[in-house]
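Q: So that we are looking at the same thing, I have put the structure below in structure tokens.
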Amino acid sequence: MSKAYRAEGASLGDESFELSGSAEFTEAVKTKPQQRSESSVSIFSAPDESQTAAQLIRKAQDILVICHVMPDGDAIGSLLGLGWALHKLGKEHTLACADPVPDSFAYLPGSEAIVTHPEGNHDLVISLDCSDLKRLGAAYDQDSLRGVPIINIDHHVTNVGFGRVNWVDPSSAATAQMVLTLIERLEVPLDPTMATCLLNGVVTDTRGFRTPNTTPAVMEAATRLMTAGASLPEITEQVFNRRPLAVIRLWGRALSAVQLDGRIIWTEISQAMKHECGLSSDSDDGLVSFLTSACEADVGVVFIEKDDGTIDVSMRSMSGIDISSVAMRLGGGGHPQAAGCNLSSSLVEARERVLAELRHSLLEQTAPLQH
Ligand code: 5GP
Ligand code: MN
Numbered sequence: 091m092s093k094a095y096r097a098e099g100a101s102l103g104d105e106s107f108e109l110s111g112s113a114e115f116t117e118a119v120k121t122k123p124q125q126r127s128e129s130s131v132s133i134f135s136a137p138d139e140s141q142t143a144a145q146l147i148r149k150a151q152d153i154l155v156i157c158h159v160m161p162d163g164d165a166i167g168s169l170l171g172l173g174w175a176l177h178k179l180g181k182e183h184t185l186a187c188a189d190p191v192p193d194s195f196a197y198l199p200g201s202e203a204i205v206t207h208p209e210g211n212h213d214l215v216i217s218l219d220c221s222d223l224k225r226l227g228a229a230y231d232q233d234s235l236r237g238v239p240i241i242n243i244d245h246h247v248t249n250v251g252f253g254r255v256n257w258v259d260p261s262s263a264a265t266a267q268m269v270l271t272l273i274e275r276l277e278v279p280l281d282p283t284m285a286t287c288l289l290n291g292v293v294t295d296t297r298g299f300r301t302p303n304t305t306p307a308v309m310e311a312a313t314r315l316m317t318a319g320a321s322l323p324e325i326t327e328q329v330f331n332r333r334p335l336a337v338i339r340l341w342g343r344a345l346s347a348v349q350l351d352g353r354i355i356w357t358e359i360s361q362a363m364k365h366e367c368g369l370s371s372d373s374d375d376g377l378v379s380f381l382t383s384a385c386e387a388d389v390g391v392v393f394i395e396k397d398d399g400t401i402d403v404s405m406r407s408m409s410g411i412d413i414s415s416v417a418m419r420l421g422g423g424g425h426p427q428a429a430g431c432n433l434s435s436s437l438v439e440a441r442e443r444v445l446a447e448l449r450h451s452l453l454e455q456t457a458p459l460q461h
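Take 91 as the starting number for the sequence shown in the numbering used here and just add one per residue.
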């Protein structure tokens, strides 16, 4: 079931909601949404906001689509999947991400066209897989895009509803699953290119259909994408089975320094470690998931010192333990079992702060069980 938010002062009946000079836009957002059935997994059970989003896209002239900084497979897959659909619709559009496409997703068709600093006269922004505006990073220039409406399409439970239209569905396992619904709403026929990008998003965010949110609806979406021509074995091979040797060496270093703090397992990756292993870009999220597989732990954390000196905190938890609230308290966000934040501090300070928050949260979450 979708959780829809409306940004403050931007309700449907509000004058401030009107896009300057665009009666068409106002018309689109005021159009009555279709009645939905909650039990069905067909596209007609999609949240009302998907209708609004589709109407706005149809009316827009030049669309800027942005995914989150340090993009993962869902961010890039959703961005490209929607990009190909906009291409089919004949819409002017720009695809942007503040950080470069990670090597493991460079195989996706169109990845070379993603820009870090978009230019142009856009009349609509679509944010994908971002729980807050900060996650758009430098790809979203607040000055030049002032007044341009944002459609916020996301599946994070921590989404703050920063868009003019907020289609937030934490029951979706991936934003790519929502983009699939949107493409169907836009009546764009799926093709193998689009389907590959979207399946890449679903496969990576579910870690190969292994996360607790892998519902029949997710499998149904994946089936539609495979039927349209996406190859599950090829995607799996690209995103899970191939890694540079430097990453494996780095994991070796990080794993040999692993620590257990109560039921929290953690390790860290410094700039020096990355350089010594010959790694130029940041590693994938496989390490933190692997750590969390330790029987002795309920929560896994990896602290990564980034090139800009800030610390990226990547967390995973066992089913039943929520870490998204801790991430949010630390200025980040995520899902109940996979969350993160970025801290401007040293590795030691970040570790002390995050571990203290996690210990406290774990105590609160497990206390009733001890009676
Ligand atoms: P990962 O550990 O794979 O980087 O991130 C896990 C989840 O937490 C992802 O859904 C990601 O979008 C979210 N996340 C990671 N870091 C941040 C952050 O700094 N801010 C927010 N809002 N979400 C984050
Ligand atoms: Mn996602």
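Heads up, the beta-carbon is just placed ideally off N, CA and C, and yes, glycines get one too.
According to DSSP, simplified to helix, strand and coil, what is methionine 405?
A: Note: methionine 405 maps to strand in three-state DSSP.
Q: Rounding to the nearest angstrom, what Cα-Cα distance links serine 435 and serine 321 in this structure?
A: Distance between the alpha carbons of serine 435 and serine 321: 42 Å.
Q: Please report how far the alpha carbon of histidine 375 lies from the alpha carbon of aspartate 281, in whole angstroms.
A: First, the amino acid is wrong: residue 375 is aspartate here, not histidine. Straight-line Cα distance between these residues: approximately 29 Å.
Q: Rounded to whole angstroms, what is the Cα-Cα separation between serine 451 and threonine 301?
A: Going from the Cα of serine 451 to the Cα of threonine 301 covers about 22 Å.
Q: Once DSSP output is grouped into helix, strand and coil, what is the label at glutamine 70?
A: Here the chain has residues from 91 to 461 only, and residue 70 is not among them.
Q: Could you tell me how far apart the beta carbons of asparagine 168 and leucine 218 are, in whole angstroms, since I believe they sit closer than 8 Å?
A: The question names asparagine, but residue 168 is serine in the sequence shown. Contact flag correct, Cβ pair sits at about 5 Å.
Q: Going by CA-CA distance only, name the one from Asp397, Val337, Ala387 and Asn242 that's closest to serine 409.
A: Closest option to serine 409, Cα to Cα, is Ala387.
Q: Return the chain-ordered ranges of every beta strand (DSSP E) run that is complete within the region 176-222 and spans a minimum of 3 residues.
A: Complete beta strand (DSSP E) runs here, min 3: 182-186 and 214-218.
Q: On the DSSP letters alone, give me the boundaries of the alpha helix (DSSP H) that phenylalanine 380 sits inside.
A: Start and end: 376-381.
Q: For glycine 298 and threonine 283, I'd like the C-alpha separation in whole angstroms.
A: Rounded to whole angstroms, glycine 298 to threonine 283 spans 20 Å at the Cα level.
Q: With which residues is glutamine 349 paired in a DSSP beta bridge?
A: Looking at the DSSP assignment, glutamine 349 forms a beta bridge with Trp356.
Q: Find the nearest neighbour of proline 165 within the set Asp189, Ile147, Leu179 and His183, judged by alpha-carbon distance.
A: A small correction: the amino acid at residue 165 is alanine; proline does not occupy that position in the sequence shown. That would be Asp189, whose Cα lies nearest to the Cα of alanine 165.
Q: How long is the line joining the alpha carbons of tryptophan 356 and threonine 206, rounded to whole angstroms?
A: Distance between the alpha carbons of tryptophan 356 and threonine 206: 32 Å.
Q: Please confirm whether serine 194 and valine 329 have their CB atoms less than 8 Å apart.
A: Yes, these two residues count as a Cβ contact at 8 Å.
Q: So does glycine 424 have its beta carbon nearer than 7 Å to some heavy atom of ligand 1?
A: Checking the Cβ of glycine 424 against ligand 1 gives yes.
Q: Keeping to the same chain, check which residues put their C-beta closer than 7 Å to that of alanine 143; ignore five residues upstream and five downstream.
A: Ile241, Ile243, Val255, Trp257 and Leu272.
Q: If I follow the unbroken alpha helix (DSSP H) through aspartate 295, where does it start and stop?
A: 282-295 is the extent of the alpha helix (DSSP H) around aspartate 295.
Q: Specify the secondary structure class of leucine 420 as computed by DSSP and reduced to three states.
A: Note: leucine 420 maps to coil in three-state DSSP.
Q: Pull up the distance between the alpha-carbon of arginine 406 and that of alanine 429, whole angstroms please.
A: When rounded, the distance between both Cα atoms is 7 Å.
Q: Look up leucine 463 in the DSSP assignment and say whether it is helix, strand or coil.
A: Examination of residue 463 is not possible in this model, given that the chain is present from 91 through 461 alone.
Q: Shorter than 7 Å, the distance from the beta carbon of histidine 177 to the closest heavy atom of ligand 2, or not?
A: No, the beta carbon of histidine 177 sits no closer than 7 Å to any heavy atom of ligand 2.
Q: Thinking just about the alpha-carbon of each residue, which of Asn211, Ala186, Val392 and Phe252 is nearest to the one in glutamate 204?
A: It should be noted that the sequence gives isoleucine, not glutamate, for residue 204. Isoleucine 204 has its Cα closest to that of Ala186, out of Asn211, Ala186, Val392 and Phe252.
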